[in-house]
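Chains as they are written, first to last, in this note's numbering: chain A, 1 to 360; chain B, 361 to 720.
Glycine included, C-beta positions come from ideal geometry on N, C-alpha and C.
Before any comments, here is the structure.
There are 2 protein chains.
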Amino acid sequence: MGGDHVKGRGGGADGTPESAEPSPNGRRPTMEDVAARVGVSRALVSVVFRGVPGASASTRERVLAAAAEIGYRPDLAARTLASSRSRVLGVMLTVHNTFHADLVEAMYAEAEQVGYDLVLSAHAPTRHSEKAVGALLGHRCDALVLLGPETSAGFLEELVERVPVVSVGRRFPGTRVDIVNTAEGRAVRLALDHLLGTGHRDIAHLDGGGGAGSVERRRAYRDRMRAAGLADHIRVLPGDHTEASGAEAAHRLLAEGRVPTALFASNDRSAIGFLDAITRAGVRVPQDISLIGYDDIPLAGLAHIQLTTVRQDSVGLAREAVRLAIERLDRPSLPPRSSVLEPELIVRGTTAAPRADVDD
Amino acid sequence: MGGDHVKGRGGGADGTPESAEPSPNGRRPTMEDVAARVGVSRALVSVVFRGVPGASASTRERVLAAAAEIGYRPDLAARTLASSRSRVLGVMLTVHNTFHADLVEAMYAEAEQVGYDLVLSAHAPTRHSEKAVGALLGHRCDALVLLGPETSAGFLEELVERVPVVSVGRRFPGTRVDIVNTAEGRAVRLALDHLLGTGHRDIAHLDGGGGAGSVERRRAYRDRMRAAGLADHIRVLPGDHTEASGAEAAHRLLAEGRVPTALFASNDRSAIGFLDAITRAGVRVPQDISLIGYDDIPLAGLAHIQLTTVRQDSVGLAREAVRLAIERLDRPSLPPRSSVLEPELIVRGTTAAPRADVDD
DNA sequence: GTGAAAGCGCTAACAG
DNA sequence: CTGTTAGCGCTTTCAC
Chain A
1 MGGDHVKGRG GGADGTPESA EPSPNGRRPT MEDVAARVGV SRALVSVVFR
51 GVPGASASTR ERVLAAAAEI GYRPDLAART LASSRSRVLG VMLTVHNTFH
101 ADLVEAMYAE AEQVGYDLVL SAHAPTRHSE KAVGALLGHR CDALVLLGPE
151 TSAGFLEELV ERVPVVSVGR RFPGTRVDIV NTAEGRAVRL ALDHLLGTGH
201 RDIAHLDGGG GAGSVERRRA YRDRMRAAGL ADHIRVLPGD HTEASGAEAA
251 HRLLAEGRVP TALFASNDRS AIGFLDAITR AGVRVPQDIS LIGYDDIPLA
301 GLAHIQLTTV RQDSVGLARE AVRLAIERLD RPSLPPRSSV LEPELIVRGT
351 TAAPRADVDD
Chain B
361 MGGDHVKGRG GGADGTPESA EPSPNGRRPT MEDVAARVGV SRALVSVVFR
411 GVPGASASTR ERVLAAAAEI GYRPDLAART LASSRSRVLG VMLTVHNTFH
461 ADLVEAMYAE AEQVGYDLVL SAHAPTRHSE KAVGALLGHR CDALVLLGPE
511 TSAGFLEELV ERVPVVSVGR RFPGTRVDIV NTAEGRAVRL ALDHLLGTGH
561 RDIAHLDGGG GAGSVERRRA YRDRMRAAGL ADHIRVLPGD HTEASGAEAA
611 HRLLAEGRVP TALFASNDRS AIGFLDAITR AGVRVPQDIS LIGYDDIPLA
661 GLAHIQLTTV RQDSVGLARE AVRLAIERLD RPSLPPRSSV LEPELIVRGT
711 TAAPRADVDD
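Structure representation (structure tokens):
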């Protein structure tokens with residue numbers, strides 16, 4: 001590289017070269033540099049980069065070419081400061097969550113289409129949501145998308161006064177937060193009907209604790225069991241959406257000697273933990289026990305896992321999250337909306353009819 | 361939002377209170393607002409928020425209090441634009457990689473201590489590293505930390521001319537990129553010596569393909585085997601650091617009927633995939649085959665997995681990455697440095713002495 | 001300690 | 001299509 005590009009008024013009309021000075025290597029090229037190189041005004045370059053009408057196709061091309069040559073790229077900080085919008089969406093995620101990874105990946109694609117960029121901020125054990133959100137705010141994101149936020153409704157209520165907020169996977173009734181999530185009730189019914197349809201009656205639920213969607217899934221499980229006349233078989237095992245809690249549940253079940261014929265887990269991670277632990281203990285899946293998860297994370301489809309699960313439409317959730325955020329920017333006074341997506345049952349290898357010898 | 365705030369001269373020395381006015385809800389408070397509220401100049405507020413000397417303790421307190429009351433937080437875009445440094449580190453990661461998650465978590469803590477913020481940008485199948493890096497550049501990050509980048513050396517060579525770059529886990533000899541990684545050679549020796557020490561001779565290696573560190577691990581495996589006089593037993597199974605490739609390797613081994621007494625995997629993910637597949641096929645670990653991974657991701661320590669592995673010091677790697685980046689900012693002309701961290705063998709349940717009946 | 005003034009690189013509104 | 005003129009909210013001299 002080692003560019004010794006001339007900045008600013010280089011090649012100015014006055015023709016006094018001494019007024020221009022060589023840019024020290026390391027200076028970031030500006031719009032001015034591009035303009036000078038093409039021989040147009042800075043404003044025109046701005047027009048080109050914003051993609052608004054006002055520049056001829058040929059000018060546009062020359063500007064873009066010159067920019068590429070000197071390695072120019074618009075400065076987001078300056079753009080943000082000058083315009084009221086940063087064209088950046090802030091996303092808070094849990095960096096260890098692979099379902100969030102799926103969502104983020106899809107959101108990148110979605111945001112790009114509407115000319116938006118994403119900045120990610122992680123929520124972690126050592127980093128509270130409040131701090132993660134604060135960072136996003138500092139970056140002047142136009143809107144925030146929170147993935148399964150475990151924040152208080154009060155915090156969100158204040159937050160949403162300052163910036164549009166979309167929550168994915170968790171509802172905040174009574175606040176102005178926009179919501180996108182999966183139809184939890186239908187999802188649970190899909191799972192349980194599949195189990196019931198193959199003859200299961202002794203179906204337990206592995207709970208998700210404080211995780212996103214847990215409350216709805218737990219309630220829907222209870223409702224469906226009651227509706228099927230199986231109120232006596234309702235059994236909710238404590239869990240928290242981690243593999244460890246799934247494994248723990250397996251051990252507890254084994255220790256108690258009361259293994260149900262089927263288990264509906266609140267998410268895939270805990271289902272996989274359960275699967276691994278129970279398999280190692282010699283219990284066969286699905287022959288001895290059927291297992292069904294929730295989310296359809298990448299791991300679930302692996303050849304050696306083949307977990308039957310309820311898929312959440314990550315691409316759809318991502319699309320809706322971006323759409324709601326952008327819409328809210330255009331019309332801040334819209335009433336809070338929620339976008340509910342359809343789940344899909346993915347039948348793989350961990351579910352089958354119960355053993356014939358099971359007395360019920 | 362309808363803010364009709366009057367900017368500029370609020371609360372001036374002329375003592376006309378009517379020139380100050382309450383900030384309407386919806387407008388983001390500025391330094392000016394804080395200054396007006398406390399009755400000081402904007403510059404002083406700036407001094408307080410930058411944490412530089414120049415304000416008395418009492419003033420400092422009053423400013424901070426006023427800022428908290430009106431919900432002010434410094435605008436990063438403005439700060440970035442005005443100063444040469446943004447105090448933001450850009451981090452590129454693979455959002456599906458849980459080891460990256462560990463690193464990011466540790467980096468947040470580390471960066472905070474030196475007054476830096478992190479912005480994350482994901483590399484994904486649908487989003488090339490080049491694009492992820494571009495976004496970071498647009499945000500005017502002071503320096504970039506790339507986690508296991510799979511970019512070409514040429515791209516990095518150009519990149520590092522524009523901004524300090526630290527690569528974690530992958531070396532780029534001949535470029536000015538700073539490196540932090542684990543002592544791969546020692547790590548592999550740790551793993552193999554453990555296996556050799558318990559009597560294994562037929563030790564295969566599950567390769568990591570193009571993944572970070574794979575080349576070094578593969579070579580170190582070969583070297584160590586040769587040094588132990590086991591050149592005949594050198595066997596490298598194709599893999600790519602995913603669970604699926606581990607499972608595939610297991611199936612292939614089984615099909616060929618040539619199962620070694622021990623397997624050293626290039627990372628934990630592939631080791632876990634292998635573990636799951638081979639266990640399901642009825643092969644017992646560690647009785648029939650010992651297995652050792654690399655990284656020590658969160659999953660490895662779970663009760664039902666208990667994978668013996670070589671731990672990479674994620675906290676140390678994170679610390680060094682941040683340190684190198686900051687140092688480079690202060691002294692751009694420093695020669696490229698590399699920081700190599702010590703690995704640690706974590707012996708869990710997947711390794712044991714080989715079966716006595718194995719003829720070798 | 002404090003205040004005034006000049007930008008940072010861009011957008012936006014308008015007159016040519 | 002083009003150039004001009006103001007800022008955006010902050011940092012950074014530099015005088016007081």
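- Remark: C-beta atoms of A:Ser-314 and A:Leu-103 approach each other more closely than 9 angstroms.
- Excluding sequence positions up to five before and after B:Arg-420, its CB lies within less than 7 angstroms of the CB of Val-408, all in the same chain and listed in chain order.
- Residue-level contact check: B:Ser-630 does not touch chain A, since none of the beta carbons of chain A fall below 9 angstroms from its beta carbon.
- For the stretch 494 to 506 of chain B, the beta-carbon criterion of a distance under 9 angstroms to any beta-carbon of chain A is satisfied by Gly-494, Ala-495, Leu-497, Gly-498, His-499, Arg-500.
- Within 8 angstroms of the CB of B:Thr-458, the CB atoms of chain A belong to His-96, Thr-98, in sequence order along the chain.
- The beta carbon of B:Gly-431 sits closer than 9 angstroms to some beta carbon of chain A.
- Boundaries around B:Val-540 are those of the beta strand (DSSP E), 538 to 542, since no alpha helix (DSSP H) includes it.
- Counted as a single uninterrupted DSSP element, the alpha helix (DSSP H) harbouring B:Gly-606 occupies residues 603 to 616.
- Using a Cβ-Cβ cut-off of 9 angstroms, A:Ala-212 does not count as an interface residue toward chain B, since no Cβ of chain B sits closer than that to its own.
- Only Leu-302, Ala-303, His-304, Ile-305 from the stretch 302 to 317 of chain A bring a Cβ to less than 9 angstroms from some Cβ of chain B.
- In the displayed model, A:Ser-121 falls within a strand according to three-state DSSP.
- By the criterion of a C-beta distance shorter than 7 angstroms, A:Gln-306 is surrounded in its chain by Arg-348, Gly-349, Thr-350, once the five residues flanking it on both sides are discounted.
- The continuous alpha helix (DSSP H) containing A:Arg-62 extends over residues 57 to 70.
- Rounded to the nearest angstrom, the gap between the Cα atoms of A:Gly-138 and A:Ala-82 is 16 angstroms.
- The Cβ of A:Tyr-108 sits closer than 9 angstroms to at least one Cβ of chain B.
- Among the residues of chain A, those whose CB is under 7 angstroms from the CB of B:Thr-440 are Ala-77, following chain order.
- Just so you know, the alpha carbons of A:Phe-274 and B:Leu-613 end up roughly 27 angstroms apart.
- Collapsing the DSSP output to three states places B:Arg-671 in a strand.
- For A:Val-163, DSSP assigns no beta-bridge partner whatsoever.
- Counting along the chain, B:Phe-624 sits inside no alpha helix (DSSP H); it lies in the beta strand (DSSP E) bounded by residues 622 to 625.
- By DSSP's assignment, B:Glu-704 forms a beta bridge with B:Arg-671.
- By the beta-carbon neighbour count (other beta carbons within 10 angstroms, threshold 16), A:Glu-216 is buried.
- Here the C-alpha atom of B:Asn-627 lies approximately 29 angstroms from the C-alpha atom of B:Val-520.
- Look at the beta carbons and you see the stretch 122 to 141 of chain A not touching the stretch 278 to 291 of chain A: under three pairs across the two are nearer than 8 angstroms.
- Using beta-carbon distances, B:Asp-553 does not count as an interface residue toward chain A, since no partner is under 9 angstroms.
- In chain order, Ser-129, Gly-210 place their CB closer than 7 angstroms to the CB of A:Glu-150, counting only its own chain and leaving out the 5 sequence neighbours on each side.
- For the stretch 481 to 492 of chain B, residues whose beta-carbon sits nearer than 8 angstroms to a beta-carbon of chain A comprise Ser-481, Ala-482, Ala-484, Pro-485, Thr-486, Arg-487.
- Among the CB atoms of chain B, one or more fall inside 9 angstroms of the CB of A:Val-119.
- As DSSP reads the structure, A:Arg-218 sits in no beta bridge.
- At a cut-off of 9 angstroms between beta carbons, B:Val-464 contacts chain A.
- Checking the DSSP bridge columns, you'll see B:Asp-655 partnered with B:Arg-671.
- Taking a C-beta cut-off of 7 angstroms against chain A, the contacting residues of the stretch 601 to 614 of chain B are Glu-603, Ala-604, Ala-607, listed in chain order.
- With respect to the C-alpha of B:Ala-641, the residue from B:Arg-629, B:Gly-573, B:Gly-617 having the closest C-alpha is B:Gly-617.
- Put simply, the CB of B:Ser-446 is near chain A, with a gap under 9 angstroms to one of its CB atoms.
- The C-beta distance from A:Thr-94 to A:Leu-147 rounds to 7 angstroms, short enough to meet the 8 angstroms contact threshold.
- A straight line joining the alpha-carbon of A:Arg-85 with that of A:Asp-142 spans about 6 angstroms.
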